[in-house]
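Reviewing the structure listed below.
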Amino acid sequence: MTIKDAQTTVDDWIKTVGVRYFTELTNMAMLTEEVGEVARIIARRYGEQSEKESDKNKDLSDELADVLWVLICLANQTGVDLTEAFEKNLDKKNSRDATRHLNNEKLK
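When the letters of the sequence shown are read in order and numbered with UniProt numbering, they come out as residues 1 to 108.
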């Protein structure tokens with residue numbers, strides 16, 4: 001599935017099953033909530049915090065997909081073509097950061 005396909009799939013689902021998009025502000029709050037759930041898993045599974053029994057069955061891939069879903073919703077409702085935006089962002093990183101990380105002593 002391409003990014004464009006994902007944007008279309010989410011839009012179709014929202015308009016048929018989901019009835020309508022939540023407001024941008026609500027979706028921003030939901031995105032923050034979903035990122036928090038990812039952070040909780042990462043902090044406990046890969047960081048120094050101990051993993052609670054109730055967290056052990058949390059599925060990181062599902063939580064990341066939730067983040068992607070809400071991100072796509074926000075892009076759709078604000079008219080952002082994520083494929084185009086990602087390509088522009090990659091171009092920016094390739095020109096701005098072409099040697100930045102290679103020359104960073106902290107990364108050696």
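Cβ coordinates follow ideal geometry from the N, Cα and C atoms, glycine included.
Asked, Found
"Nonlocal neighbours in the same chain, by C-beta distance under 8 angstroms from Ile72, ignoring five residues either side", "Ala6, Gln7, Val10, Leu82"
"Helix, strand or coil at Ala85 [DSSP, three-state]", "helix"
"Element boundaries [alpha helix (DSSP H), containing Asp66]", "60–78"
"Extent of the continuous alpha helix (DSSP H) to which Asn27 belongs", "24–45"
"CA-to-CA distance, Val38 to Leu74, given in whole angstroms", "18 angstroms"
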